[in-house]
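Here is the structure we will look at, set down as structure tokens.
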Amino acid sequence: WFNYLAFDVIGDLAFGAPFGMLSSGADIAEVRASADSPPVYASAIEILNRRGEVSAAIGILPALKPWASWMPDPFFRNGSKSVQQLAGIAIARVRERLERQPYGKDLENGRKDLLGRLMEGRDDNGAPLGREELTAEALTQLIAGSDTTSNSSCALLFHVVRTDGGRVLRRLQAELDAALPAGKDVPTFDDVRNLPYLQSVLNETLRHHSTSGIGLPRQIPADSAGITLHGHYFPPG
Numbered sequence: 193w194f195n196y197l198a199f200d201v202i203g204d205l206a207f208g209a210p211f212g213m214l215s216s217g218a219d220i221a222e223v224r225a226s227a228d229s230p231p232v233y234a235s236a237i238e239i240l241n242r243r244g245e246v247s248a249a250i251g252i253l254p255a256l257k258p259w260a261s262w263m264p265d266p267f268f269r270n271g272s273k274s275v276q277q278l279a280g281i282a283i284a285r286v287r288e289r290l291e292r293q294p295y296g297k298d299l300e301n302g303r304k305d306l307l308g309r310l311m312e313g314r315d316d317n318g319a320p321l322g323r324e325e326l327t328a329e330a331l332t333q334l335i336a337g338s339d340t341t342s343n344s345s346c347a348l349l350f351h352v353v354r355t356d357g358g359r360v361l362r363r364l365q366a367e368l369d370a371a372l373p374a375g376k377d378v379p380t381f382d383d384v385r386n387l388p389y390l391q392s393v394l395n396e397t398l399r400h401h402s403t404s405g406i407g408l409p410r411q412i413p414a415d416s417a418g419i420t421l422h423g424h425y426f427p428p429g
């Protein structure tokens, strides 16, 4: 259900409409090879998980990238297929979004979603972003905002419930009850942004459970003076 919630939220924020996973109780997403191709339907969560697993493996062993889709191991074969399927989800969402709101038109409810903001952008020649550029941005939003959010939410619930015999849960519940208006089902960001214990719970969860399974690479710029971290000097490059 955290996966369903994350996909529906990123769908609503980025494309102006949720995927419908919460309402249907099912993980079914439309996939298109191109804007004009017929749709097929697949599990978005499975696609994203497989794509993430194979991308992490190829990131560690980049020499495998040209051969991944040809390898007999189903891990690489299915993972490479999922990379294309995830792009197909982005293609389908951009297609549906442009049908509801062509360039220069507002959504019926007057909302401004992320894709709408991107459609307002212009390049150096004054031309709007093309469909391919919008699709690339949509793909970035799907990767960055779906399983990262659901994984972190699941980890937060696990640690809050299991830590210190429920003391963390009780203290967090007390802070939220005291801060939130009575009878308000969904708090706003302003309601919770300055709650110190909630912020501590969020930060501690992310410290224990990173949204990325592997450390992201860092490189010291070649034209810099280097950097010292915890007493260790790292030279440029």
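Note that this note's numbering has the sequence shown beginning at 193, numbered continuously upward.
Cβ atoms here follow ideal geometry from the backbone N, Cα and C, with glycine treated the same way.
Is the segment 238-257 in contact with the segment 311-323, if contact means three or more CB pairs nearer than 8 Å? no
Return helix, strand or coil for Thr340, following the three-state DSSP convention. Here residue 340 refers to the residue found at position 148 of the sequence shown. It is helical.
Note down the Cα distance separating Gly375 from Leu256, rounded to an integer number of angstroms. As a first step, residue 375 is located in the sequence shown; it is residue number 183 there, counting from the start. As a first step, residue 256 is located in the sequence shown; it is residue number 64 there, counting from the start. Each residue's alpha carbon lies about 55 Å from the other.
Run through the DSSP bridge pairs and tell me what Phe426 is partnered with. Here residue 426 refers to the residue found at position 234 of the sequence shown. Paired residues: Ile419.
Quick check: what's the CA-CA separation for Ala371 versus Val384? Counting from one through the sequence shown, the residue named residue 371 turns up at place 179. Counting from one through the sequence shown, the residue named residue 384 turns up at place 192. Whole-angstrom Cα-Cα distance: 8 Å.
How would you label Thr380, buried or exposed, when you count the other beta carbons within 10 angstroms and need 16 or more for buried? The count along the sequence shown starts at 1 and reaches residue 380 at position 188. Exposed is the call here.
Taking the continuous beta strand (DSSP E) assigned at Val378, which residues delimit it? As a first step, residue 378 is located in the sequence shown; it is residue number 186 there, counting from the start. Careful: Val378 lies outside any beta strand (DSSP E) and carries neither H nor E.
Helix, strand or coil at Ser320 according to DSSP, with G and I counted as helix: Looking up residue 320 in the sequence shown gives position 128. Note that residue 320 is Pro in the sequence shown, not Ser. In this structure, Pro320 counts as strand in the three-state DSSP scheme.
Is it buried or exposed, Leu278, if we count other Cβ atoms within 10 angstroms and call 16 or more buried? As a working mapping, residue 278 is identified with position 86 in the sequence shown. Label assigned to Leu278: buried.
Quickly, what does DSSP pair Tyr142 with across the bridge? List them, please. Here the chain has residues from 193 to 429 only, and residue 142 is not among them.
Give a yes or no on whether the C-beta atoms belonging to Glu238 and Pro231 are separated by under 7 Å. The residue labelled residue 238 in the question sits at position 46 within the sequence shown. The residue labelled residue 231 in the question sits at position 39 within the sequence shown. For Glu238 and Pro231, no; Cβs fall outside 7 Å.
Using 7 Å as the threshold, is the C-beta distance between Phe211 and Phe199 below it? Looking up residue 211 in the sequence shown gives position 19. Looking up residue 199 in the sequence shown gives position 7. For Phe211 and Phe199, yes; Cβs fall inside 7 Å.
Given that a residue counts as buried once 16 or more other Cβ atoms are within 10 Å of its Cβ, and exposed if not, what is Met263? Locating residue 263 in the sequence shown gives position 71, where the first residue counts as 1. Looking at its Cβ environment, which holds fewer than 16 other Cβ atoms inside 10 Å, Met263 is exposed.
To the nearest angstrom, how far is the alpha carbon of Trp327 from that of Ile250? The sequence position of residue 327 within the sequence shown is 135, counting from 1. The sequence position of residue 250 within the sequence shown is 58, counting from 1. Strictly speaking, residue 327 in this sequence is Thr, with Trp absent from that position. Using only the alpha carbons, I get a separation of about 23 Å.
Looking only at its chain, what residues have a beta carbon closer than 6 Å to the beta carbon of Arg289, apart from the 5 residues adjacent to it on each side? Reading the sequence shown from its first residue, position 97 is the one you call residue 289. Around Arg289: Phe207, Leu307.
Quick one, which of Val275, Ile281, Gly203 has its alpha-carbon nearest Ser226's? Residue 226 sits at position 34 when you count from the first residue of the sequence shown. The candidate whose alpha carbon is nearest that of Ser226 is Ile281.
Give the straight-line distance between the Cα atoms of Glu329 and Asp228, rounded to the nearest whole angstrom. Position 137 of the sequence shown, counting from 1, holds the residue named residue 329. Position 36 of the sequence shown, counting from 1, holds the residue named residue 228. If I take the Cα positions, the gap works out to 19 Å.
To the nearest angstrom, how far is it from the Cα of Ala287 to the Cα of Phe426? Along the sequence shown, read from residue 1 onward, the residue named residue 287 stands at position 95. Along the sequence shown, read from residue 1 onward, the residue named residue 426 stands at position 234. Note on identity: in this sequence residue 287 is Arg, with Ala being the wrong assignment. Using only the alpha carbons, I get a separation of about 47 Å.
Taking the alpha-carbon positions, what's the Ala414 to His422 distance? In the sequence shown, the residue the question calls residue 414 occupies position 222. In the sequence shown, the residue the question calls residue 422 occupies position 230. Cα to Cα, the separation comes out at about 21 Å.
If you reduce the DSSP assignment to three classes, tell me which class Arg362 lands in. Counting from one through the sequence shown, the residue named residue 362 turns up at place 170. Reduced to three states, the DSSP call for Arg362 is helix.
Near Tyr389, which residues of its chain fall below 7 Å by C-beta distance, leaving aside the five closest residues on each side in sequence? Residue mapping note: residue 389 aligns to position 197 of the sequence shown, counting from 1. Correct list, in chain order: Arg363, Leu364, Glu367.
Own chain partners of Tyr233 with C-beta closer than 8 Å, once the 5 adjacent residues on each side are dropped: Locating residue 233 in the sequence shown gives position 41, counting from the first residue. Taken in chain order, the residues that qualify are Ile220, Ala221, Glu222, Val223.
What do you get for Asn395, buried or exposed, if any count of 16 or more other CB atoms within 10 angstroms of its CB means buried? Numbered from 1 along the sequence shown, position 203 holds the residue referred to as residue 395. Classification for Asn395: exposed.
In the structure shown, what three-state DSSP assignment does Arg410 receive? As a working note, residue 410 is residue 218 in the sequence shown. Coil.
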